[in-house]
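Number 370 in my numbering belongs to position 370 of the sequence shown; there are no gaps in the numbering.
Since the structure comes first, as structure tokens, the remarks are kept for the end.
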Amino acid sequence: MSRTLLALGLGLAFLLPTLPGLRAAVEKPNIIVIMADDLGYGDLGCYGATAVKTPNIDRLAAEGRRFTSGYCSASTCTPTRFSLLTGTYAFRQKGTGVAPPNGPALIKPGTETIATLLKKAGYATAVIGKWHLGLGDPRPDWNGELKPGPLEIGFDHCHLLPTTNDRVPQVYVHDHRVLNLDPKDPLWVGDKAPDENHPTGITHRSSLRMNWTHGHNQTIHNGIGRIGFYTGGTAARFRDEDLGDEWVKRSNTWIEAHQDGPFFLFFASHDIHVPRMPHERFQGKTQLGFRGDSIVEFDSSVGELMKTLDRLGLTEKTLVVLCSDNGPVLDDGYADGAVEKLGDHQPAGPFSGGKYSVLEGGTRTPFITRWAGRIKPGVSDEVVCTVDLAASLAALTGTALPDNACLDSLNLMPALLGEPGAKGRDHLLQQDNNGTNLGLRIGDWKLVRQKTRGKSQAVVSLRKRDDAGGLHQLYHLPDDSAELKDLSAQHPERVKAMIARMDEIVSAGRSR
Ligand code: NG6
Ligand code: CA
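Here it is as structure tokens:
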């Protein structure tokens, strides 16, 4: 190659990254993904709620983008979190439904995750709050090292509720260990009572502070029956009322220590999952019972995090994403007044179904992005999903996405940032806990594949419509957001095409 050509080539190479359209500029803001638990589309002021006030999240929405078609990928916790972190739909890996107390780590070390991708981009990474993706292999060693876990898939630090607040044990996992565990009082966790005298929600039902309605009648902790059995670890146990403050306190400390950035914090609140037991200062704040009060607690936690960003001068240097892990539920196993005190409040907004369902209420949930000074405030109707954060954040930070990773994650960064004309997804697959039932949205149309019928009270209490209808149903969302008018008989060709697309997405093993 002649010298002139070489010089020209080098010059071009330097120019390329700056030419618009050829390569997006790399940006490395701090990133906080705030995921609520069981928070529905209609549960926030900025999404139309009036019975509960959420000023902090409303402010976030007013300063950022509020999505009206923002989704989580599944209608229960574990699969949504699996696909959020891996960028791959959870139904592609067996055993990713709601994880039991002694479940193994579901994301195997070596898997590319949001955390591994951002680490490559130079980020400090932490997850604080609910995990629910299993720990250890083949099961957690509660008295030893709890690994593999988050630290083996890209996180530098974790401070966790290991599964759910209704599943045993009620302890914090701090990096690889149960926090404050006294070796003289080992922690035992099992799925059968350790002895016949072990008090349970059945034998001691009248002593409970919150009665159970289904399940949740095994070991009792803090006056509340749980799923699963445990003994020991007395000094390590938390009070449900303190969880919200714990996540904020730990997050603030970690953010302060990493304020020079860039950092990635996955703030995974337990709010508003059952047993809903908000801190005493929030109890009675709404007329909706503890379900509403837990929303107020969650809003307050978000407010505290935003205060920390303001105080440290990080508000303009931080991209905040707020989302939920599945749609709402009223009675999810405890008699906490959520059903009786609901009034006119509509947890799923205009949608039918909720948690466990592939109707819109199950996965269409609050979705807000804010990056002060960078995101133009407004409302967006583009379709975006939690599964897309991996590819989107990789693109933003200039991290290469290996071809064999994050198989369903699309780079929607321009849409998430509200760039003019930026498009969201042209299609989205929605799944229930195990992927038995599926939903496929393409543009304005929604295909529902309903193989099993939801019978639980949880689903029924939020449902606008009953569970009738055939295996495949077709809805036109703009004029039927509640999915009440099945149009499959009128549009057989469309149904056929959408079934084919759904089958192809499932069988191809990837959709990216
Ligand atoms: C169900 C529980 C429910 C909740 C859910 C998981 C019963 C009867 N129901 O099995 O209370 O814990 O699992 O919720 O035990 S999630 O948000 O973590 O997916
Ligand atoms: Ca959940």
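For glycine and all other residues, C-beta sits at the position ideal for the given N, C-alpha and C.
Neighbourhood of ligand 2, defined by CB distance below 5 Å to any of its heavy atoms: 37, 38, 77, 325, 326, in chain order. Here residue 502 carries a helix assignment [DSSP, helix/strand/coil]. In this structure, the alpha-carbon of residue 496 lies about 36 Å from that of residue 332.
Taking C-beta separations shorter than 6 Å and ignoring five residues to either side along the sequence, the partners of residue 209 in its chain run 223, following chain order. Per DSSP, the unbroken alpha helix (DSSP H) holding residue 297 starts and ends at 290 to 311. Ranked by Cα distance from residue 311, the first of 328, 356, 252 is 252. In terms of Cα proximity to residue 181, the closest of 504, 145, 470, 388 is 145. Exclusion of the five residues before and after residue 396 leaves 27, 413 as the residues of its chain whose Cβ lies within less than 7 Å of its Cβ.
For the set 494, 60, 474, the Cα lying nearest the Cα of residue 359 is the one of 474. Residue 413: member of the alpha helix (DSSP H) spanning 413 to 416, first to last residue. For residue 267, the enclosing beta strand (DSSP E) starts and ends at 263 to 268.
In the displayed model, residue 56 falls within a helix according to three-state DSSP. Taking C-beta separations shorter than 6 Å and ignoring five residues to either side along the sequence, residue 466 has no partners in its chain. Residue 215 has its CB nearer than 7 Å to a heavy atom of ligand 1.
When the alpha-carbon of residue 97 is set against those of 78, 421, 393, the nearest one is in 78. Separation of residue 280 and residue 241 (C-alpha to C-alpha, rounded to the nearest whole angstrom) is 7 Å. Here the alpha carbon of residue 356 sits roughly 19 Å from the alpha carbon of residue 131. In this structure, 169 is the residue among 273, 169, 254, 284 with its C-alpha nearest to the C-alpha of residue 230.
Collapsing the DSSP output to three states places residue 46 in a helix.
By the Cβ neighbour-count rule, residue 452 is exposed, with fewer than 16 other Cβ atoms within 10 Å of its own.
Nearest to residue 350 by alpha-carbon distance, out of 63, 32, 69, is 69. Under the criterion of beta carbons closer than 8 Å, residue 308 and residue 74 do not qualify as touching, at roughly 30 Å. A contact between stretches requires three or more CB pairs, one per stretch, nearer than 8 Å, and the segment 115 to 123 meets this requirement with the segment 393 to 410. Under DSSP, the beta-bridge partners assigned to residue 379 are 66. Between residue 461 and residue 288 the beta-carbon gap is near 14 Å, outside 8 Å, which marks them as no contact.
For the pair residue 116 and residue 149, the CB atoms are not nearer than the 8 Å cut-off. Taking 7 Å as the cut-off, one finds no heavy atom of ligand 1 near enough to the beta carbon of residue 339. Comparing alpha carbon positions, the residue from 35, 31, 30 closest to residue 324 is 35. Remark: the shortest separation between the CB of residue 273 and any heavy atom of ligand 1 falls under 7 Å. C-alpha of residue 392 to C-alpha of residue 472: approximately 32 Å in a straight line.
In the three-state reduction of the DSSP assignment, residue 371 falls in the coil class. Around residue 175, the same chain offers 151, 157, 158 as residues with beta carbons nearer than 7 Å, after the five sequence neighbours per side are excluded. Residue environment for residue 482: buried (at least 16 other C-beta atoms within 10 angstroms of its C-beta). Residue nearest to residue 134 within the set 110, 95, 114 is 95 (criterion: CA-CA distance).
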